[in-house]
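Numbering (this note's numbering), first residue to last: 56 to 565. Every residue gets a Cβ at the ideal spot worked out from N, C-alpha and C, and that includes glycine. Remember, predicted model here, so these are calculated numbers, not experimental data. Notes to accompany the following structure.
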């Protein structure tokens, strides 16, 4: 197949991914808009509830004032006027709250003005009855109370009833809108998931088809080269043609190798573009999990928790792949400095102590004293040790232990020459030892099912060791445990390290 056809396939695949991504963003934006609409509808429902409760509070305060007034007129005890005095103070506050809550509703504002005027008239009339009782006697006041006072109270109750009815009507409308928005949000999430699922399937089918076409093209190219090799023995002309085809094949191989290198460079440079959307998904999942309005049930919260957990696992896998790609693309540099190995080892063990405690594994450090400092890259060495110790803890059963040792030289007991991580774990079969440092490989298929993991930790560790001019080796016995050993470089090897600051490297290694 011609290269133009292969390029056309690549363009189609990239176009498909672009369309899929655009649709995914659109679905996420629509789902977010629906969630916001649910929040707005919920806020209006809560607002209406507050209005109804405040109206009820005004009615209660006026009723309390009337009850206290009647109790005073019947008993003559001025202590019975306490509810009346409290109502006089509280009604103003409640009416002010209602004015603020109904600021945008002209009809209810007019009703509120009527309620306010009637409430003040009722309270004023009750105050007059108190004066009548004190000046003309409680009997006269009781007779007056049954007249105009009762009429004002009935008018007040009717006015507040009209306000409450208006708010209840609004509550029904807003509750229905809340239900509609919630249903729309759920439908958006379900439809979005279905669309993403089928788009993923379509993309996978398209990529597989493209790979099959490319494989057939490469097979045809190889067959053609073989035919040219056979024809070269017949005539000199055919031999010249074979040479030309061989040169073309060499160029194609170089292009393939360049493409592979470009792949590593591309992955190494895409860390931000890959991590940012995934971090956004995890972040929004965690925000929705907070459930501030209480609109999500337990099942929905469980689904969100699974989304967040799986997102974190995927982010960890992407980070591992990108780290390995950056190293392979030679984009990692070394920053040399004087490093105290005992401090690094203690820091690593402190970081992994919680994981070991959960698994019932004891972690120990054997550090000679005194211990001379070494020249290396602290962060990269720490990453190597974290990977090795974390693996040792993971594959060691409860009751086992992991020991980190710093070995020193025979001629200089204070000079570190190696760091070893020894565990009493499950061990590695001899036929698997050569494979565990390959990417996505583990000691056994059953181990992968039982313990999980991506199989990238040891690949990254060996790549970092090579970058630091260290040598990572392993010895293991099934059922007994394993020992991973990092041999530190000699002083003379530091000159070849790809440091980010050549001046600093020379000063440290001189």
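Whether or not the stretch 224-232 and the stretch 99-109 are in contact is what I'm after, with contact meaning three or more pairs of Cβ atoms, one per stretch, closer than 8 Å; do they touch? yes
In the DSSP assignment, find the unbroken beta strand (DSSP E) run with residue 347 in it and report its ends. Numbered from 1 along the chain shown, position 292 holds the residue referred to as residue 347. First-last for residue 347: undefined, no H or E at that position.
Please confirm if the stretch 404-424 is in contact with the stretch 452-471, defined as three or more CB-CB distances below 8 Å between the two stretches. yes
Nearest by alpha-carbon distance to residue 120: which of 109, 111, 141 is it? Within the chain shown, the letter at position 65 stands for residue 120. The option with the nearest alpha carbon to residue 120 is 141.
Use the C-beta contact count for residue 498: other C-beta atoms within 10 angstroms, 16 or more gives buried, fewer gives exposed. If you number the chain shown from 1, residue 498 lands on position 443. In this prediction, residue 498 scores a pLDDT of 48, lower than 50, which makes its location untrustworthy; the coordinate-derived value is nonetheless stated afterwards. With 16 or more other Cβ atoms within 10 Å, it is buried.
In the DSSP assignment, find the alpha helix (DSSP H) that holds residue 441 and state where it starts and stops. On the chain shown, residue 441 is found 386 positions in, with the first residue counted as 1. Per DSSP, residue 441 belongs to the alpha helix (DSSP H) from 433-449.
Would you identify the three-state DSSP class for residue 489, choosing helix, strand or coil? By 1-based counting over the chain shown, the position of residue 489 is 434. Per DSSP, reduced to three states, the secondary structure at residue 489 is coil, with no helix or strand assignment.
Residue 419 vs residue 445 beta-carbon contact at 8 Å: Taking the first residue of the chain shown as 1, we reach residue 419 at position 364. Taking the first residue of the chain shown as 1, we reach residue 445 at position 390. Not in contact: residue 419 and residue 445 (Cβ atoms no closer than 8 Å).
Using 8 Å for Cβ pairs, my map puts residue 178 next to residue 167. What's the rounded Cβ distance? For the purposes of this step, residue 178 is taken as residue 123 along the chain shown, with counting starting at 1. For the purposes of this step, residue 167 is taken as residue 112 along the chain shown, with counting starting at 1. That belief does not hold up - the Cβ atoms of residue 178 and residue 167 are roughly 16 Å apart, past 8 Å.
Put residue 292 into one of helix, strand or coil per three-state DSSP. Here the question's residue 292 lines up with position 237 in the chain shown. For residue 292, the three-state secondary structure derived from DSSP is helix.
How would you call residue 537, buried or exposed, if buried means at least 16 neighbouring beta carbons within 10 angstroms? Taking the chain shown and counting its residues from 1, the one referred to as residue 537 is at position 482. It is buried - the Cβ of residue 537 has at least 16 other Cβ atoms within 10 Å.
Three-state class that DSSP yields for residue 535 in the structure shown: Position 480 of the chain shown holds residue 535. Residue 535: coil per DSSP, three-state reduction.
Rounded to the nearest angstrom, what separates residue 136 and residue 213 at their Cα positions? To locate residue 136, count along the chain shown from 1; it is residue 81. To locate residue 213, count along the chain shown from 1; it is residue 158. Here the C-alpha atom of residue 136 lies approximately 25 Å from the C-alpha atom of residue 213.
My guess is that residue 471 and residue 403 are in contact by the Cβ rule of under 8 Å, so how many angstroms apart are they, rounded? As a working note, residue 471 is residue 416 in the chain shown. As a working note, residue 403 is residue 348 in the chain shown. Not really, about 15 Å apart at Cβ, beyond 8 Å.
Exposed unless 16 or more other CB atoms sit within 10 angstroms - verdict on residue 109: In the chain shown, the residue the question calls residue 109 occupies position 54. When all chains shown are included, residue 109 counts as buried.
Let's see if you can read the secondary structure: which residues bound the alpha helix (DSSP H) around residue 409? The sequence position of residue 409 within the chain shown is 354, counting from 1. Segment 396-413, the alpha helix (DSSP H) holding residue 409.
Straight-line Cα distance separating residue 263 from residue 10: A question about residue 10 goes unanswered here, because the residues of the chain that appear run from 56 up to 565.
Using the beta-carbon count (16 or more within 10 Å), is residue 249 buried or exposed? As a working mapping, residue 249 is identified with position 194 in the chain shown. By the neighbour-count rule (16 or more Cβ atoms within 10 Å), residue 249 is not buried but exposed.
Quick one: is residue 450 buried, meaning 16 or more other Cβ sit within 10 Å of its Cβ, or exposed? Position 395 of the chain shown, counted from the first residue, corresponds to residue 450. Residue environment analysis places residue 450 among the buried positions, since at least 16 neighbouring C-beta atoms fall within 10 angstroms of its C-beta.
I need the DSSP call for residue 72, collapsed to helix, strand or coil. The residue labelled residue 72 in the question sits at position 17 within the chain shown. Of the three classes helix, strand and coil, the one that applies to residue 72 here is helix, per DSSP.
List the residues that DSSP assigns as beta-bridge partners of residue 418. The count along the chain shown starts at 1 and reaches residue 418 at position 363. In the DSSP output, where bridge partners are listed per residue, residue 418 has 457.
Could you check whether the stretch 513-525 touches the stretch 430-440, counting it as contact only if at least three pairs of C-beta atoms, one from each stretch, sit closer than 8 Å? yes
Distance, residue 389 Cα to residue 562 Cα: The residue you call residue 562 lines up with position 507 of the chain shown. The residue you call residue 389 lines up with position 334 of the chain shown. Here residue 562 scores only 33 on pLDDT, less than 50, and its place in the model should not be relied on; the value that follows carries that caveat. Cα to Cα, residue 562 sits roughly 14 Å from residue 389.
Which two residues bound the contiguous beta strand (DSSP E) that contains residue 471? The residue you call residue 471 lines up with position 416 of the chain shown. Boundaries of the beta strand (DSSP E) harbouring residue 471: 471-478, taken from the DSSP string.
With DSSP as the reference, identify every bridge partner of residue 543, one or two as the case may be. Here residue 543 is taken as the residue at index 488 of the chain shown, counted from 1. DSSP, once it has assigned bridges, lists no residue as partnering residue 543.
Please report the residue range of the alpha helix (DSSP H) in which residue 152 lies. If you number the chain shown from 1, residue 152 lands on position 97. Segment 137-156, the alpha helix (DSSP H) holding residue 152.
Please list the terminal residues of the continuous alpha helix (DSSP H) segment that includes residue 515. The count along the chain shown starts at 1 and reaches residue 515 at position 460. Under the DSSP assignment, residue 515 falls in the alpha helix (DSSP H) whose first and last residues are 512-522.
Residue 313 by DSSP, collapsed to three states: which one? Position 258 of the chain shown, counting from 1, holds the residue named residue 313. Look at residue 313 here: in three-state DSSP terms it is helix.
Between 424, 489, 533, 112, which lies nearest to residue 467 when the distance is taken from Cα to Cα? Along the chain shown, read from residue 1 onward, the residue named residue 467 stands at position 412. The option with the nearest alpha carbon to residue 467 is 424.
For residue 430, the residue or residues it bridges with in DSSP: If you number the chain shown from 1, residue 430 lands on position 375. Looking at the DSSP assignment, residue 430 forms a beta bridge with 393.
Neighbourhood of residue 215 by C-beta, 7 Å cutoff - its chain only, sequence neighbours within 5 removed: Taking the first residue of the chain shown as 1, we reach residue 215 at position 160. So the list reads 110, 113, 114, 170, once near-sequence residues are dropped.
With burial defined as no fewer than 16 other Cβ atoms inside 10 Å of the residue's Cβ, what is the status of residue 486: buried or exposed? For the purposes of this step, residue 486 is taken as the residue at position 431 of the chain shown. Burial call: exposed.
Considering Cα atoms alone, identify which of 69, 276, 243 is closest to residue 300. Working through the chain shown from its first residue, we reach residue 300 at position 245. Ranking 69, 276, 243 by Cα distance to residue 300 puts 276 first.
With the cut-off set at 8 Å, would you say residue 240 and residue 437 are in Cβ contact? As a working note, residue 240 is residue 185 in the chain shown. As a working note, residue 437 is residue 382 in the chain shown. It is not a contact, given that the beta carbons lie outside the stated cut-off.
Under three-state DSSP, which class holds residue 527? If you number the chain shown from 1, residue 527 lands on position 472. Three-state DSSP puts residue 527 in a strand.
Candidates 148, 217, 173: which alpha carbon is nearest residue 206's? For the purposes of this step, residue 206 is taken as the residue at position 151 of the chain shown. Taking only the C-alpha atoms, the option nearest residue 206 is 173.
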